[in-house]
Each structure stands twice: as structure tokens, then as C-alpha cells.
Amino acid sequence: MAASISIESAARGAKDHAVLEFLRQSPKKLLINGKWVAPKSGKTFETINPANEEVLVLVAEGDKADVDEAVKAARKAFEEGKWPNTGPHQRAHLMFKIAELIDKHADELAELETLDNGKPLTFSRAFDIPAAAETFRYYAGWVTKIYGETNPSDPAFFNYTLREPVGVCGQIIPWNFPLLMAAWKLGPALACGNTVILKPAEQTPLTALRLGELIMEAGLPEGVVNIITGFGPGAGSSIAEHPDIDKVAFTGSTEVGKLILQASAGNLKKVSLELGGKAPNIIFPDANLDQAVPTSMMGVYFNSGQVCCAGTRIFVQRDRYDEVVDKLANFSNTVSVGDPFDRKSAIGPLVSREQFDRVKGYLDIGRKEGAKVAAGGETGAGKGYFVKPTLFADVKNDMRIAREEIFGPVGAAIAFTDENDAVLQGNHTDYGLSAAVWTRDISRAHKVARSLKAGTVWINCFNQLDPISPFGGYKQSGFGRELGKYAIDLYTQIKSVWMKL
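Structure representation (C-alpha cells):
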């Protein structure tokens, strides 16, 4: 099978020589205890370029046996190796080095991300890769600031607390922002002194594997970061169930998140889940439409709609509904979809055939439910998993296209009567990851933001993120907060020490 792969054809558009060299090293292996090893089963799987449906490279298919080896390595590194004796300044230095190497190889990593995921190269280079490096830098700065407290207590005793690493962490990464989500997980885990078994999504393993090479180049001790590629039922479930893993972090669908939570109960692991969303994006009549329309619609279409916090439910006051929906539809028709290596492309293909079929199915569901296609509604012709930016109008909040996470470039415009109705409809969902409010009224903006049941609320903006600010969900969008100081809590545990004076 490997002989039938044409790297030049599958990776056309890539210009960085290092990308082609990386892809020629096939099959890709697992990173266990500082060494690249073949899976015990000898199995591999293909990773596909979603823009042309061609095989990029073969990747090791890890399973329970490989996870067991990775956990042994991570446990040894945590208990016995160099890592426990690596001081905070040295640990910070290693993390700064990782960030520097990401910056150094940014062009290569951006091309790999685009080949594997399908997102436009302009976005990979401008957002995903720099943000990953910045996340490592941010948490490198935290390493020397993780400390306990002394507590006022009985004068006959001295009481203080220690903030200690959790131990061995399993981290399961999604396919929509592969390198960035790896950084979101690895950054705080390493800053706190943990060791990690990282499982990238089977659809997009390449930048995680390249990151593994850079981590080893940075000089992290063997066994601190282990990378197991494979599928959910084999590698993912083995991580969630493993009795010697102390914490699991997962980003993905709510359905899989529930399975992860159940599987983790065997040894009462610490669990953090960042799951699905169906964000309300409320446009009040006094909103600046010149800003609200393009920003709201790119809040739907960014990354081909494959974003958990996408603002796919667009609420418009009934009095201006037709006018605003016309503007939303007109903008949608200007959003270019095409070759992700073409600078003119605003969105690329969906990540896989499975996701393409799922989104295509929701286009049919929307029509059958009686929604009107105001823009798009079609898939691309020829090779590649392309779907045109789509806006449904005359949507009711109880329709499936308004209730279920589609994870594609599909928005639903819903009418509301007044502020209370907007909040009521906005909160009428199983999810609570994010929301947005567009208004010139400062009092209304903050009142509505406080009323919306979501982990992040944007006012007159969308998709603003920063490593310093927490990110996570209410309700079935998960629990635990990534980023900021809050992620430190996910990867540490508190010990109370008493001494009689």
C-alpha cells in the first residue's frame, strides 16, 4: 500500500521541503519512552488529504498494548526519572524551547496542518501555529508561580499546603485544531510537572507527531511525553479505562465525552471535558450591522464550521428579521470555499468523508424541516469534502438544525421578539459553551451576557481567545476550564501538611 502513495500528488500545494521529507518517512511510528516505535500489532492506517482525498502517509495504529507501554514509561518518568528532579526554572526553559522550535518550524507545521485538516494555509500560519507556540510560552511562565500557602491555625501547629502534580495524564485531542489543542493540553500538564500520554485524532495525527519530534529535540526527558496514534475504540478507550492513569482530558463531541466519563470511573480519575456547543449569536436591532454581519457569519464558517464554539444559531429581532437575514445571506455568498493552499479561499474542505456525509445529511434535514435555504445549501463538485457556506432562514428553535451540533459551515437564523425572548431561546439548548451579543447598549450587553448560560460570552466580537482567559462549558458542553490559571487546577492536587510546634 505504501508504494501506491504519491506524496507529490497528495501533498500538492505544500512548498516546504521538510513537509515532503516528513511524509516520506512512512509509516509514522508511536512515541514511547523517548523512542519512535512500531505498534505491537504492526497495524497502520491512512491519513487523507481532505482537499483531494489522496493518502498522505501511513500512521501507526496503536491499541491497548501500546497504551500500556506508554503508561509504564510515563509512570516511571513521573516517579523515578529525571522529571521529578527537574527544577521549575529548568522546566520553564524546556517549555520555552518547545515554543521556540514551533516558531522556527512554523511554515512546515502550517503546511502539515493544512494538508491533514483542510483548513486554509493562511489561517494555519496566522492563527493555529503561533497560538500553539504562545500557549507553551504562557504556561512556561506559570512554572515558577505554582505554589502553596501557609494557613493561620492553632498556634501550637504550623499548617501549609503544597500544590503537587496529579501524575500520569491521558490527553485525547480533537481534529479541528490539532496542534493548538495539543498545546492547550500539554502546556499546563507539563508546567505542573505531570507526564502525558497524548492521543491525537486519527483524522489529523501529523502535527502532533511532528510536535513529538520537536519536544524530543527540546530535551524533555524520556517518557514525559508519549504519543499514541490510533482509533477511539482501541487507543482512546484504553487511555480512559487505564487504572494507572491519574487524569484524563478530552476535547470532542458530547456523546464521546459521556463515554470517556463512564470509562474513567474505574479508578476515579480526575476528568476534564471540553465538548460540543450550539452557540446563540444574538443581534439586537441597535447593533452595528457592518461589524455584526461579517463577524457573525465568520463565527459560523471559520474552519469550515468545525468549531465547538461556532455561533450557529443567529437570533435576529423579528422587526428587522428580513433585512438582517438578507445581509447575512449576501455576505455568505461572498465567502470563498476552495483549495486551502489558495490565498483566496476563506474556508477549505471538511476534515473527512464521514464529516462531509454528516453535514450533507443536515442540509437535507433542514429542508425537510421547512427551513428556507437563504445561501449555499450545496456541496462542491469533484474531489474534496467541500460544502458551500450555508444559511437557513425561517428556522424554529426546536428544529434539529437548531438543536443538534452539525459541525459544518451551516448557520440557522431564528427570530426573537424581545430581550427576554432572545435569552430564553438562546438558553434553550443542551449546550452552554459560548454565546455572543451584538448591541450598542452597554447595559443591555452586560445584562444579557450575565443571563446567558455559557462559559464564554462575546460582546460585539466573536472567537476572541487568549491563553490568559479560561475556556470551557456549562451544561452538556463539559466541565473544567482550559487556559488561564484555571487549567493549573486541572493538573494539580492540594496537599495539606501539619506540624506540631
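Using this note's numbering, the first residue of the sequence shown is number 86, and each one after it goes up by one.
C-beta: ideal position from N, C-alpha, C; glycine also.
Limits of the unbroken beta strand (DSSP E) element including residue i
i: G569; result: No beta strand (DSSP E) contains G569, which DSSP labels as neither H nor E.
i: P250; result: F242 to P250
i: N311; result: V310 to I312
i: F335; result: K332 to T336
i: I544; result: T541 to I544
i: K284; result: T280 to K284
i: G255; result: V253 to I257
Alpha helix (DSSP H) segment containing residue i, residue limits
i: S381; result: L374 to Y386
i: V161; result: Per the sequence shown, residue 161 should be read as Lys rather than Val. Run containing K161: K149 to E164, per the alpha helix (DSSP H) assignment.
i: F416; result: Y406 to S417
i: A303; result: L291 to A303
i: I183; result: P173 to K189
i: V104; result: H102 to R109
i: G272; result: P263 to A276
i: R222; result: I214 to W227
Rounded separation between residue i and residue j - CA only
i: M266; j: P552; result: 12 Å
i: A103; j: E193; result: 6 Å
i: H531; j: Y571; result: 23 Å
i: R529; j: F262; result: 33 Å
i: A217; j: W227; result: 16 Å
i: A88; j: L115; result: Low confidence applies here, because A88 scores a pLDDT of 45, under 50, leaving its location unreliable; read the following figure in that light. Whole-angstrom Cα-Cα distance: 21 Å.
i: P257; j: E408; result: Sequence check: residue 257 is Ile here, not Pro. Those two C-alpha atoms are separated by around 43 Å.
i: T129; j: W121; result: 14 Å
i: P124; j: C254; result: 21 Å
i: G385; j: V495; result: Going by the sequence as given, residue 385 is Val instead of Gly. The straight-line gap from Cα to Cα measures roughly 7 Å.
i: G308; j: A466; result: 46 Å
i: D148; j: S323; result: 7 Å
i: S389; j: N202; result: 10 Å
i: P205; j: P237; result: 56 Å
i: K230; j: F416; result: 46 Å
Collapsed DSSP secondary structure at residue i in the structure displayed
i: G317; result: helix
i: I527; result: helix
i: E463; result: coil
i: G233; result: coil
i: S91; result: coil
i: L665; result: Look at the range of the chain in this structure, 86 to 586, and you will see that residue 665 is not part of it.
i: M86; result: Bear in mind that the predicted position of M86 carries a pLDDT of just 40, short of 50, making it too unreliable to give a figure here.
i: E504; result: helix
i: L344; result: helix
i: S357; result: strand
i: T129; result: strand
i: A325; result: helix
i: A431; result: coil
i: A47; result: Limits of the chain in this structure are 86 at one end and 586 at the other, which puts residue 47 out of reach.
i: G351; result: helix
i: V444; result: helix
i: G423; result: coil
i: G469; result: coil
i: G493; result: coil
i: G203; result: coil
One or two residues paired with residue i in a DSSP bridge
i: E139; result: N134
i: V582; result: Y245
i: N366; result: I399 and A521
i: K560; result: Y516
i: I450; result: None, per the DSSP bridge assignment.
i: L115; result: V122
i: K457; result: A478
i: I486; result: In DSSP, I486 forms no bridge with anything.
i: A211; result: Answer is none; A211 lacks a bridge partner.
i: A534; result: Looking at the DSSP assignment, A534 forms no beta bridge with any residue, so it has no partner.
i: A145; result: T129
i: V577; result: Note that residue 577 is Thr in the sequence shown here, rather than Val. Answer by DSSP bridge pairing, in chain order: P250.
i: A498; result: I399
Local Cβ density within 10 Å of residue i, reported as buried at 16 or more and exposed below that
i: Y576; result: buried
i: G446; result: exposed
i: D371; result: exposed
i: C546; result: exposed
i: Y559; result: buried
i: M86; result: The pLDDT assigned to M86 is 40, lower than 50, so where the model puts this residue is not dependable, and the model offers no usable value.
i: K284; result: buried
i: V582; result: exposed
i: R525; result: exposed
i: R535; result: exposed
i: E567; result: buried
i: A350; result: exposed
Below-7 Å beta-carbon distance, residue i vs any chain C residue
i: L179; result: Annotation note: the requested chain C is absent from the structure, which comprises a single protein chain.
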